[in-house]
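>
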Amino acid sequence: MSIKESHSLNWDDLKYFLAVARTGTLRGAADSIQVNHTTLTRRVSVMEERVGSRLFDRSRSGLALTQLGEDLMPHAERVEQEMSAASRVIVGRDAQPSGTVYVTLPHGLAMTSLMDDFAAFADLYPDITLNMNFTNDIRDLMRREADVSLRIADEVTDDVVGRKLVRMSQAAYCTRGYAERISDNGGEGLHLIGWHEPEDATTAKWVKDSYYPKATLKHRVSELVPLITLAASGLGMAYLACNLGDRHPSLIRAPFQKPMPYRNIWLLLHRDLRNTARVRLLVDFLAKQVRSRRNEFWISGTVAPCK
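Written out as structure tokens, the structure is:
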């Protein structure tokens, strides 16, 4: 290998370098860019051979940038930005309603009528493929980690084209049997299933602000799906977006309450992809479908006691 070859780098080298620098571990980096752990380890080693020096210091706690790695970082990030911009320009000129649209959305939306919308869209446009990533992590549209992103948030400040589709309501849900035990006494003697509150906490601000301020936090979950299934098993009441709770056959809205305002559903895409046919078709279709069912998401009125 010549001296000139030994110091040359390409975009693939920098992509692996950035992944390791951002995660601090080889396995985390491999997962983040979806490559084999062995492949990534080898590519980092080859890159260090090319530059003739270590880019990372290895320790039991992970990998840390050397001084050379720190000096290289801003250059690698600029190359990444330019490659992403070039990719968006190429994709943005695609005028044919075919190809793949990469969509990211939170887990909770997998249990809503939005899944029916995706199925209907696929029937209308059989040449368009949907690659859907269900995650609660916020994907970076600027780096083309997704073409379209559905997000549940109060506001969105990213440099993206965003549509606020609909405001959601939330309410406490439980089984019909559990609801029969509820009196109009602020939830005294009842349990709400908690999320990430301290283990010794028996209440939280969101409980005090609810229609059941006297209910106690007793059980905990870390994810939405078990929260719903445990509430449906009669473990206690759970606060859910109404478009989620109303769809579950074993849950009803707990009595003596009025649904409360929750977050918005946002539909986001990078501005460079606004004129890409397949992306535009999906965005317009989803926006029309969701807004036509606004009453499914925003609900008002007091829930009467069970009879």
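Positions in the sequence shown are counted from 1; adding 584 to them yields the numbering used here.
Every residue, glycine too, gets a C-beta built ideally from N, C-alpha and C.
Being a predicted model, the structure only gives us computed values, none of them experimental.
Under the rule that 16 or more other beta-carbon atoms within 10 Å means buried, what is L598, buried or exposed?
Buried is the call here.
> Measuring straight from C-alpha to C-alpha, what distance separates T719 and T688?
The straight-line gap from Cα to Cα measures roughly 7 Å.
> Can the beta-carbon of V732 be found closer than 8 Å to that of V863?
Taking 8 Å as the Cβ cut-off, V732 and V863 qualify as a contacting pair.
> To the nearest angstrom, how far is the alpha carbon of R855 from that of V745?
Roughly 5 Å separates the two Cα atoms.
> Compute the distance between the beta-carbons of H621 and R634, then report whether it is under 8 Å.
Going by C-beta atoms, H621 is not nearer than 8 Å to R634.
> Here's the rule I'm using: 16 or more other beta-carbon atoms within 10 Å means buried, otherwise exposed. How should Q651 be labelled?
Label assigned to Q651: exposed.
> Would the beta-carbon of I883 fall within 8 Å of that of C758?
The answer is no: Cβ separation not under 8 Å.
> Round the Cβ separation of G683 and I712 to the nearest angstrom and send it over; I've been treating them as touching at under 8 Å.
Yes, G683 and I712 are in contact; Cβ-Cβ is about 7 Å, under 8 Å.
> Put N715 into one of helix, strand or coil per three-state DSSP.
Looking at N715 - three-state DSSP - the assignment turns out to be strand.
> Say yes only if the C-beta of A730 is nearer than 7 Å to one or more non-hydrogen atoms of the ligand HEM, and no if none qualify.
The ligand HEM is not among the ligands present in this structure, which contains no ligands whatsoever.
> Is the CB-CB distance between G770 and K802 below 8 Å?
Not in contact: G770 and K802 (Cβ atoms no closer than 8 Å).
> Among the residues of its own chain, which have a CB less than 8 Å from the CB of R627, if the five just before and after it don't count?
Same-chain partners within the cutoff: D596, D597, Y600.
> Quick one: give me the first and last residue of the alpha helix (DSSP H) that A799 is part of.
From DSSP, A799 is part of no alpha helix (DSSP H); its letter is neither H nor E.
> Which of helix, strand or coil does DSSP assign to P810?
Helix.
> Going by DSSP in three states, A815 sits in which element: helix, strand or coil?
Reduced to three states, the DSSP call for A815 is helix.
> Would DSSP call S733 helix, strand or coil?
S733: strand per DSSP, three-state reduction.
> In whole angstroms, what is the alpha-carbon distance linking L853 and R638?
If you take the alpha carbons of L853 and R638, they lie about 38 Å apart.
> Apart from the five residues on each side of it in sequence, which residues of its chain come closer than 8 Å, Cβ to Cβ, to R878?
The answer, listed in chain order, is V750.
> If Q873 sits next to D701, beta carbons under 8 Å apart, how far is it from one beta carbon to the other, in whole angstroms?
That belief holds up - the Cβ atoms of Q873 and D701 are roughly 4 Å apart, short of 8 Å.
> Alpha carbon to alpha carbon, how far is S767 from V619?
Roughly 55 Å separates the two Cα atoms.
> Tell me the rounded alpha-carbon separation between M821 and T741.
Cα to Cα, M821 sits roughly 33 Å from T741.
> Straight-line CA distance for M585 to T607?
With a pLDDT of only 41 at M585, under the threshold of 50, the placement of this residue in the model should not be trusted, and no figure is reported.
> Within the same chain, show all residues whose beta-carbon is closer than 8 Å to that of G818, passing over the 5 residues directly before and after it, in chain order.
Cβ within range, chain order: C758, T759, G761, Y762.
> In whole angstroms, what separates the C-alpha of D721 from that of A694?
Those two C-alpha atoms are separated by around 15 Å.
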